[in-house]
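Below you'll find the structure, written out as structure tokens, and then a few comments.
Numbering (full-length UniProt numbering), first residue to last: 1 to 156.
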């Protein structure tokens with residue numbers, strides 16, 4: 001684990017960098033053309049009058065002492081009629097060159113802590129069936145994998 005990594009809540013000024021990382025994730029997930037959200041909409045959605053998402057970022061400092069965001073985890077509140085409020089992890093990404101340093105674990109552990117603090121009933125997310133590194137990461141947490149549900153969406 002990298003000793004100079006810090007986990008903190010995302011701030012409005014982080015939105016441009018988080019959006020860059022979202023694009024990096026989309027390329028990794030083979031769907032870069034799917035990212036169509038504007039920076040303004042993204043920022044307003046997280047830091048406007050009625051935020052709908054929250055995030056944590058992992059930062060490190062470069063040789064000149066300047067902070068750099070190298071990972072993020074973005075979540076929102078989902079409501080289960082069976083369980084109540086739940087944390088839904090929309091995306092978690094550690095930049096390619098920073099993987100394998102324990103940063104993903106630091107972020108995921110912080111999400112779990114946040115979910116417990118807010119008394120959410122569970123933490124849930126999706127993972128692509130071909131993303132073996134992510135699947136193996138989540139298995140370390142004894143996550144359950146549900147093959148029964150089919151994802152559905154309507155877009156306009």
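Glycine included, C-beta positions come from ideal geometry on N, C-alpha and C.
- Alpha-carbon spacing of residue 11 relative to residue 50, whole angstroms: 15 Å
- Query: Alpha carbon to alpha carbon, what distance is there between residue 119 and residue 37?
  - Reply: 30 Å
- Query: Which whole runs of the beta strand (DSSP E) in the region 101 to 131 are 3 residues long or more, in chain order?
  - Reply: 123 to 125
- Boundaries of the beta strand (DSSP E) in which residue 55 is found, first to last residue: 54 to 61
- Query: What are the boundary residues of the beta strand (DSSP E) that includes residue 70?
  - Reply: 67 to 80
- Let me know the secondary structure DSSP gives residue 15 once reduced to three states. helix
- Select from 105, 39, 6 the residue whose C-alpha is nearest the C-alpha of residue 21. 39
- Message: Quick check: the Cα distance between residue 152 and residue 136, rounded to an integer number of angstroms?
- Response: 25 Å
- Query: Which partner residues does residue 84 have in the DSSP bridge list?
  - Reply: 80
- Go through its chain and collect everything with a Cβ distance to residue 84's Cβ below 7 Å, but skip five positions before and after it. 121
- Task: Measure the CB-CB distance between residue 108 and residue 127 and report whether it falls below 9 Å.
- Result: no
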